[in-house]
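For reference, the structure is listed below as structure tokens.
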Amino acid sequence: MIIPKENVLTPEQEAELRSITAEFGITLQPISGTHRTIYAMLGDEREELLIARVEGLDYIDKVDTIQAPFKLMAKGSDLAHHRIHVGAKTLGEEFLVIAGQCTIDPRNPQYFYETAQAVKEAGGDVLRGGVWKPRTSPHSYQGDAKAMDILLEARARTGLPVDTEVMDEEQLDMALAAGVDMLQVGARNALNYGLLKQIGRKIRDRNTIVLLKRGMHMGKLDEFILASEYIAAGGNPNVVLCPRGTVPAMDGYRNHPDECITPLLKERTWAPVVIDPSHSVGKAAYVPFAAVAAAAYGADGICVETHVNPTKGIGDDPKQAVTPEVLGRIVRDVRAVYQSQKVHLEHLHLARG
Ligand code: PEP
Ligand code: MN
């Protein structure tokens, strides 16, 4: 919809507007009220350049688009029928639990092997373990490629698919060469379009899944969904959206918990939503509440930092990893809540058709 500044455009202005929109295959339908005339755009109105050129006209106030700016990830896209399979699970049909250490400590691999086994026994579906870590300070532990062998060994021992974060092309290539099942794009790189494009290109002919975290500074939800569109545009639509809290933090929590955006995402995109309650609230004692809230909001899964002995962990583990015992209780509770929320999710889907 094009909203002019003036109540009625001059014939010259309207002719100019029609000629610009025609270049993008759009025809204009004037809608005249008692005082003013606005214009509906018939055709694909999502082109950024079209919007920029129309909004650049000094007699136009703004363009309101009805269609979502994303094409592949939209609910109406052909890809809406795409299903993402993780191990034996199909996202959207069964609740997915990703769990494991924030950081693999290469000096203490036995903790990761024990955590991996415990995650499996607690009912986890995917084993997470940070090989490389995005740290606020360059003096903090940055990760170590040696941890990749530990991750792969844990996969071999448990049979669980594995998830790890990559931050640059070198790490991406190493993770792909190792056959990592799920690549994590962290909150700090969620708007790194170069990395998103590279990942999209490089996973095109693979079954690899990407867990895209929500950037902590991201504003509009469309910005998040468009970031996932960069990956899917490479040809592999195995992209999962992962809200993990934003800034400014809620006083007392690590971030501002955002599991409540799940229904909003589900109205706009077909992409599965897996919540990270650990980075959201940032303290082990709060994590079970946020995890159950994620299921209550209709999420398709959770990603929970877990450690057999959190006080001996590194990175985020000492403060926010839950023990396997707590993970077991979380798994039991979220699965029960997930079943109870399915009826609400169906209503949500029907309401927006
Ligand atoms: C992590 O998963 O350990 C991590 C660093 O996450 P985020 O990118 O959400 O901060
Ligand atoms: Mn972490």
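Numbering (the numbering used here), first residue to last: 3 to 355.
Cβ atoms here follow ideal geometry from the backbone N, Cα and C, with glycine treated the same way.
Please read these numbers as outputs of a predicted model, since none were measured by experiment.
Residue i: CB within 7 Å of a non-hydrogen atom of the ligand MN
i, result
"residue 281", "yes"
"residue 58", "no"
"residue 305", "no"
C-beta contact flag for residue i and residue j at 8 Å
i, j, result
"residue 201", "residue 212", "yes"
"residue 159", "residue 118", "yes"
"residue 145", "residue 135", "yes"
"residue 261", "residue 301", "yes"
"residue 1", "residue 320", "With the chain covering 3 to 355 only, the question about residue 1 has no answer from this structure."
"residue 132", "residue 167", "yes"
"residue 271", "residue 299", "no"
"residue 23", "residue 52", "yes"
"residue 11", "residue 20", "no"
"residue 187", "residue 215", "yes"
"residue 339", "residue 297", "yes"
"residue 54", "residue 3", "no"
"residue 206", "residue 238", "yes"
"residue 304", "residue 277", "yes"
"residue 130", "residue 102", "yes"
"residue 280", "residue 249", "no"
"residue 310", "residue 116", "yes"
"residue 5", "residue 60", "no"
"residue 73", "residue 48", "yes"
"residue 185", "residue 217", "no"
"residue 45", "residue 68", "no"
"residue 199", "residue 178", "no"
"residue 323", "residue 315", "yes"
"residue 100", "residue 165", "yes"
"residue 313", "residue 326", "no"
Nearest candidate by alpha-carbon position, reference residue i, set the options
i, options, result
"residue 257", "310, 247 and 134", "247"
"residue 333", "59, 282, 123 and 194", "123"
"residue 162", "153, 169 and 170", "153"
"residue 150", "140, 139, 137 and 174", "174"
"residue 70", "237, 50 and 39", "50"
"residue 274", "35, 115, 96 and 306", "96"
"residue 328", "164, 112 and 294", "294"
"residue 348", "184, 94, 315 and 138", "94"
"residue 107", "337, 351, 322 and 317", "317"
"residue 86", "241, 315, 267 and 5", "241"
"residue 269", "314, 179, 289 and 79", "79"
"residue 255", "292, 34, 231 and 14", "292"
"residue 266", "222, 46, 308 and 36", "222"
"residue 112", "76, 156, 81 and 139", "156"
"residue 219", "236, 251 and 210", "251"
"residue 98", "7, 346, 335 and 39", "335"
beta-carbon residue i near the ligand PEP non-hydrogen atom, thresh 7 Å
i, result
"residue 357", "A query on residue 357 cannot be resolved here, the shown segment of the chain reaching from 3 to 355 and no further."
"residue 94", "no"
"residue 188", "yes"
"residue 245", "no"
"residue 132", "yes"
"residue 170", "no"
"residue 136", "yes"
"residue 167", "yes"
"residue 278", "yes"
"residue 215", "yes"
Cβ of residue i within 8 Å of any chain D Cβ
i, result
"residue 182", "In summary, chain D is missing from the structure at hand, where a single protein chain is found."
Review point. If you scan the segment 192-264 from start to end, which runs of the alpha helix (DSSP H) of 4 or more residues do you find wholly inside it?
Key: 195-204 and 223-234
Point to revise | Length-filtered (3 minimum) beta strand (DSSP E) runs lying within the segment 126-153 | key: 128-132
Point to revise | Contact shell at 5 Å, judged by CB to any heavy atom of the ligand MN, ordered along the chain | key: 104 and 318
Point to revise | Ranges of the beta strand (DSSP E) found wholly within the segment 14-57, counting only runs of at least 3 | key: 29-34 and 39-44
Check your understanding: Of all the beta strand (DSSP E) runs that stay within the bounds of the segment 58-114, which reach a length of 3 or more residues?
Key -> 62-65 and 98-105
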